[in-house]
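Going down the list, the sequences are from chains A and B.
Those letters in the first sequence? Residues 31 to 415, per my numbering, in order.
Those letters in the second sequence? Residues 382 to 761, per my numbering, in order.
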Amino acid sequence: MTDIAQQTALPYTDEHEIFRTSARRFFEEECVPQQAAWRDAGMAPRSIWKRAGELGFLCPRVPEEYGGAGADFLFSVILLEEQARSGAVSPMLSLHSDVVAPYLVHYGTAEQKSHFLPRMTSGDYVGAIGMTEPSGGSDLKNLRTTARRDGDGYVINGQKTFISNGITANLLVLAAQTTKPDGGRSVSLFLVDTDEVKGFKRGRNLKKLGQKACDTAELFFEDMRVPEGALLGGTEGRGFAQLMNRLVEERLMTAVAAMGIVDHALAVTIDYVKERKAFGQRIIDFQNTRFKLAECKTEAKVLRVFLDHCIREFMAGELDAAMAAMLKYWATEQQVAIVDQCVQLHGGYGYILDYPIAQMWADGRIARIYGGANEVMKDIIGRTI
Amino acid sequence: MLRSRHYTSAHEDFRKTVRRFMERECAPNREVWQKDGKLPRDLWLKAGEAGLLCTKVSPEFGGGGGDLYHAMIILEEQTRIGFNEITFYLHSDIIAPYIELYGSQEQKERYLPRMVRGEMVAAIAMTEPGAGSDLQGIRTSAKRDGNGYRLNGQKVFISNGQVANLICVAAKTDADAGGKGISLFLLETDGADGFVRGKNLNKIGCKAQDSSELFFDNVFVPADNLLGGAEGRGFPQLMQRLPEERLIMAMSAVATMEFAVAETAAYVAQREMFGHKLGDFQNTRFKLAECKTKATLARAFLDYGIDSFIEGTFDITQGAMIKLWTTVRAHEVADECLQLHGGYGYMSEYNVSRWYADTRLGRIAGGTDEIMKELIGRTL
Numbered sequence: 031m032t033d034i035a036q037q038t039a040l041p042y043t044d045e046h047e048i049f050r051t052s053a054r055r056f057f058e059e060e061c062v063p064q065q066a067a068w069r070d071a072g073m074a075p076r077s078i079w080k081r082a083g084e085l086g087f088l089c090p091r092v093p094e095e096y097g098g099a100g101a102d103f104l105f106s107v108i109l110l111e112e113q114a115r116s117g118a119v120s121p122m123l124s125l126h127s128d129v130v131a132p133y134l135v136h137y138g139t140a141e142q143k144s145h146f147l148p149r150m151t152s153g154d155y156v157g158a159i160g161m162t163e164p165s166g167g168s169d170l171k172n173l174r175t176t177a178r179r180d181g182d183g184y185v186i187n188g189q190k191t192f193i194s195n196g197i198t199a200n201l202l203v204l205a206a207q208t209t210k211p212d213g214g215r216s217v218s219l220f221l222v223d224t225d226e227v228k229g230f231k232r233g234r235n236l237k238k239l240g241q242k243a244c245d246t247a248e249l250f251f252e253d254m255r256v257p258e259g260a261l262l263g264g265t266e267g268r269g270f271a272q273l274m275n276r277l278v279e280e281r282l283m284t285a286v287a288a289m290g291i292v293d294h295a296l297a298v299t300i301d302y303v304k305e306r307k308a309f310g311q312r313i314i315d316f317q318n319t320r321f322k323l324a325e326c327k328t329e330a331k332v333l334r335v336f337l338d339h340c341i342r343e344f345m346a347g348e349l350d351a352a353m354a355a356m357l358k359y360w361a362t363e364q365q366v367a368i369v370d371q372c373v374q375l376h377g378g379y380g381y382i383l384d385y386p387i388a389q390m391w392a393d394g395r396i397a398r399i400y401g402g403a404n405e406v407m408k409d410i411i412g413r414t415i
Numbered sequence: 382m383l384r385s386r387h388y389t390s391a392h393e394d395f396r397k398t399v400r401r402f403m404e405r406e407c408a409p410n411r412e413v414w415q416k417d418g419k420l421p422r423d424l425w426l427k428a429g430e431a432g433l434l435c436t437k438v439s440p441e442f443g444g445g446g447g448d449l450y451h452a453m454i455i456l457e458e459q460t461r462i463g464f465n466e467i468t469f470y471l472h473s474d475i476i477a478p479y480i481e482l483y484g485s486q487e488q489k490e491r492y493l494p495r496m497v498r499g500e501m502v503a504a505i506a507m508t509e510p511g512a513g514s515d516l517q518g519i520r521t522s523a524k525r526d527g528n529g530y531r532l533n534g535q536k537v538f539i540s541n542g543q544v545a546n547l548i549c550v551a552a553k554t555d556a557d558a559g560g561k562g563i564s565l566f567l568l569e570t571d572g573a574d575g576f577v578r579g580k581n582l583n584k585i586g587c588k589a590q591d592s593s594e595l596f597f598d599n600v601f602v603p604a605d606n607l608l609g610g611a612e613g614r615g616f617p618q619l620m621q622r623l624p625e626e627r628l629i630m631a632m633s634a635v636a637t638m639e640f641a642v643a644e645t646a647a648y649v650a651q652r653e654m655f656g657h658k659l660g661d662f663q664n665t666r667f668k669l670a671e672c673k674t675k676a677t678l679a680r681a682f683l684d685y686g687i688d689s690f691i692e693g694t695f696d697i698t699q700g701a702m703i704k705l706w707t708t709v710r711a712h713e714v715a716d717e718c719l720q721l722h723g724g725y726g727y728m729s730e731y732n733v734s735r736w737y738a739d740t741r742l743g744r745i746a747g748g749t750d751e752i753m754k755e756l757i758g759r760t761l
């Protein structure tokens, strides 16, 4: 595999590269060999979260005062890129570190940060986001889960679905409707310590097309009582804005993962076509193989250049919603198309799950759906034209 | 629109000049020139006077001393008026560099100032009926004769072939030496006995851009007109120029995508259908979102290509990737934008119909898609 540092113009330092090497080792040695077992179990064990915490692979960007390394955004990019390139889909570290933790970092009160962040960094807490409901995904304004003010806390009722890390997580950032003094409704986010509440029930670990080593759950809340201090940021009605503000970064990270998967798919496929023979010659000696791979390599290069551009824009605080939507849409479409082409070049072996490419094919399809379906992305882009 | 971040205020001043020129001198004449199948000679003189020719050539030879962004601005402004086939880029950014980079001091002094002024219009004659990108197979020969050479052979698909009076001809000085036997000659066509222009070929698109067969029957070229003064250098000279030529083709493709999206967005915003604006239909918004995404990626990729070029790291593979991706995507975008225009999109008076026909050439000229894939495939 060629080194990413040679393919990109991002400002990586030696420190980043040392981190990359140790991240790569962690995924290759401690996660890849366990994927089959974790697929059978439907999730990764809590022990691997603790291990990732020990090695500094959870929440690297969290400020030092809250137990993190105070690292820059590129450390998160490296971690996710290396995980994607290793082929290990589980555990979903980036969801925990790049999606859940930033809610606390950006919006949490001092108490919330000091309580949760050090324990997220160590892996004592594993995070999940409870946003999607059976009746609505990206359509946040129609949430049905409610949080009713009651004495010095809230009583929450409702149901969530497709919650990643939903079986494992013991910290849930939960979106619910709160009632404004004028009777109107607004969205608020709650930090639910699932070990400390009553009325919380996890449903089934949902069976999926791929990503079988990652747990995805339904969650139920029946008169679940949380203290006042569980309201993220301490003010009601900010949930919608909080969720919206986080989407750009989440979509950027989805594209980082897509890029890593593309790199990995092409690397294994190029190796394969150089070894495998058909009709007396290597598969790569056929013109069709070279042309298809040339197309894939070109798409990969275009994606890399655009991703780097967007990462730089993001780090400068200038990546907007439409550009992030373009990136998420394009990166995941290309990821799925390229992996599919790579399956084709593997022939029958490409359909056998012992081959990484078959696993990537099954695992990857969700990318066009999560983080906002690509149709939602087109809606966002279309509004700016 | 994701604008190249390197445009300076000097570039933007230049853009004003170019825009005025395109609007005044070119746009009103488009139909006539398309019917004629070529651009008139006096256009070149006017372009020279306005400072639009050879913008990158050194001021020492009368040129603008500019950079690739000047070429980009000209391509953008001609695309803005839907006039992709103005071939200033071919003359200025593809052919002039051969002379400036490889020519002798005398050759530079003799030709570059006249190219800058538009007194000389240039063409490059590489492709033959039997040899396109497989350049080593060309058959046109150059045999030594006294203080010069005699050219014999035939070329085809030569842009500017009808109007050019300075043609850079690839010919074999040694028929048995393969690529090492190819040399480039600067042929002044005025008074060149035995040089015949064939018919102006009738094309799918790019109607105002002439494209010709050229015939050479014992045409004499003085030895001084051998590019660079030494035989056998033609193949590496041509190969070295290909990445930049492909980058220039990508510029045109990117400009076309951007203007096609902008123009189509304006069209669907006013066109009524079933009691709605066409732009209110979800399909319209999604298709335009896809087109805009492609245009945005293309611009980012182009910026990267230009940056790499300026740093000196832009290589044959990058040139192949950028040309392949942008020209394929430009044609897709033009097709989708035509579709959103409905019947009007099929009418020649709409820019989008011409973009559709014109962008088809991008996937063939300068090395076909398939040649690009061969080049990329070799690096696997």
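We treat Cβ as the ideally placed atom computed from N, Cα and C, and that holds for glycine.
Per the DSSP secondary-structure output, K536/B pairs in a beta bridge with L595/B. At least 8 Å separates the CB of D315/A from every CB of chain B. Sorting T151/A, L173/A, Y155/A by C-alpha distance to the C-alpha of M161/A places L173/A at the top.
In the structure shown, the three-state DSSP call for S165/A is coil. For E509/B, DSSP records a beta bridge to A512/B. Taking 8 Å as the upper bound for CB-CB distance, R666/B and G747/B are not in contact here, some 34 Å apart. Using a Cβ distance threshold of 8 Å, F250/A and Q207/A do not count as a contacting pair. Where F309/A is concerned, there is no enclosing beta strand (DSSP E), because DSSP gives it neither an H nor an E. Within the same chain, A452, I455, L456, I629 come within 7 Å of Y470/B by CB-CB distance, once the 5 residues on both sides are set aside.
Among the residues of chain B, those whose CB is under 7 Å from the CB of V332/A are L678, F682, W706, following chain order. Taken in chain order, the members of the segment 623 to 651 of chain B whose beta-carbon sits within less than 8 Å of a beta-carbon on chain A are V642, A646. The C-beta distance from D393/A to Q241/A rounds to 5 Å, short enough to meet the 8 Å contact threshold. As DSSP reads the structure, V577/B sits in a beta bridge with F596/B. Proximity of F667/B to chain A, defined by a Cβ-Cβ separation below 8 Å, is satisfied. Between E755/B and the set E343/A, K322/A, Q371/A, the nearest pair of CA atoms involves K322/A. Annotation for Q207/A: the continuous beta strand (DSSP E) segment containing it runs 201 to 209.
Distance from the Cα of T554/B is smallest, within the candidate group D574/B, F616/B, F538/B, E594/B, for F616/B. At a cut-off of 8 Å between beta-carbon atoms, I752/B makes no contact with chain A. Residue-level contact by beta carbon holds for L761/B and chain A, with a gap shorter than 8 Å. A buried status is given to H712/B, since no fewer than 16 other beta-carbon atoms sit within 10 Å of its beta-carbon. Of the residues V298/A, L123/A, S116/A, the one whose Cα lies closest to the Cα of I78/A is L123/A. Under DSSP, D223/A takes part in a beta bridge, and its partners are L201/A.
Considering only beta carbons, the part of the segment 398 to 412 of chain A lying closer than 9 Å to chain B consists of E405, M407, K408, D409, I410, I411, G412, in chain order. Secondary structure at F695/B: coil, using DSSP grouped into helix, strand and coil. Under the DSSP assignment, D180/A falls in the beta strand (DSSP E) whose first and last residues are 176 to 180. Here the segment 356 to 368 of chain A makes contact with the segment 389 to 403 of chain A; the two share three or more CB pairs at distances below 8 Å. Remark: C-beta atoms of T328/A and M702/B approach each other more closely than 8 Å. A355/A has its alpha-carbon roughly 7 Å from the corresponding atom of K408/A. In the three-state scheme derived from DSSP, where H, G and I count as helix and E and B as strand, T570/B is classed as coil. For N318/A, the enclosing alpha helix (DSSP H) stretches over residues 317 to 345. Straight through space, the alpha carbons of D739/B and Y379/A are spaced by roughly 43 Å. Taking every protein chain shown into account, the CB of N541/B has 16 or more other CB atoms within 10 angstroms, so this residue is buried. Beta-bridge pairing by DSSP links G157/A to L201/A.
E112/A and F57/A have their C-alpha atoms some 7 Å from each other. If you compare the alpha carbons of E639/B, E481/B, G743/B with that of K704/B, the shortest gap goes to G743/B. Nearest neighbour of E612/B by Cα position, chosen from V635/B, I563/B, C549/B, turns out to be I563/B.
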